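Notes follow the structure.
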Amino acid sequence: MQMIFFSSDIDIIDELKINNFLENTITSYDINSLENILSAFSKPFILIADYDSMAQDISKLIATNKLPKNSIILEKVPEIASGKMLIGHGVKAYGNSRMSSANFNQMIQTVVDGKVWTYPELTTSLIKSSDEYTISEDSKTLIDHRLSQKEVEVVYLILDGLTNDAIAKKLDITTRTVKAHISSIFSKLHVSDRLSLVLLLK
């Protein structure tokens, strides 16, 4: 998939390209050139934006509902508050601009697959920020209709930020059984991971 870099920091772009063996990328250094590129672009693409140099422009794209569907935001020092805000506005991935090549490739593949990628601490924080009392009535109806009673219990514990081992201990079942319940939950609710589950039920 074509990658479009959005940054005014040439060093960061070069670093990302070299460290992740990227070729045939497009680079935009300001919002006007980005809008020109996007208006002329017909192929599927991923936008990789540098939050350190383009935060104001990214905010404008969000405010005007012009942020591309497959957007990744990277920052030298990722912050949980920034990550929550960006993911909440539809960004597909948020993380460290200097992450390892393995993590970068995993992130890209996750976005290509149509899923949301975040680093572990942000994922945990996103899950914990959605407790059982804040899910909507529609979400409660959905899980009550589609899931078994035990699966519903597991969902609420996931939303409370518990790990598989902690859920197993709380429900007095094995971790293997918890994993089986979670797999069934994902299948029945058509989600692929915990973060997708949280975003569905929020």
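Residue numbers (the working numbering): 1 to 202. Where a beta carbon is used, it is the ideal one built from N, C-alpha and C, also for glycine. The model shown is predicted, which means the values in this text are computed figures rather than measured ones.
- DSSP places residue 48 outside any alpha helix (DSSP H); the residue lies instead in the beta strand (DSSP E), whose first and last residues are 45-50.
- Here residue 95 carries a strand assignment [DSSP, helix/strand/coil].
- Across the structure, residue 177 and residue 168 are spaced so that their CA atoms are roughly 8 Å apart.
- Beta-bridge analysis with DSSP links residue 6 to 28, 49.
- Each residue's CA atom was taken as its position, placing residue 58 and residue 147 some 39 Å apart.
- For residue 119 and residue 96, the gap between their C-alpha atoms comes out near 8 Å.
- Counting only runs of at least 4 residues, the region 63-113 fully encloses the following alpha helix (DSSP H) elements, listed from N- to C-terminal order: 80-88, 101-112.
- Excluding sequence positions up to five before and after residue 80, its CB lies within less than 8 Å of the CB of 121, 122, 125, all in the same chain and listed in chain order.
- Per DSSP, residue 143 is one residue of the alpha helix (DSSP H) stretching across 137-146.
- When the alpha-carbon of residue 41 is set against those of 56, 68, 52, the nearest one is in 68.
- By the neighbour-count criterion, in which 16 or more other beta carbons inside 10 Å mark a residue as buried, residue 112 falls on the exposed side.
- Counting the other Cβ atoms within 10 Å of the Cβ of residue 30 gives fewer than 16, which makes it exposed.
- Closest by C-alpha distance to residue 173, out of 3, 193, 151, 190, is 151.
- Beyond the five residues adjoining it in sequence on each side, residue 101 comes within less than 8 Å, by CB distance, of 19, 20, 21 in the same chain, given in chain order.
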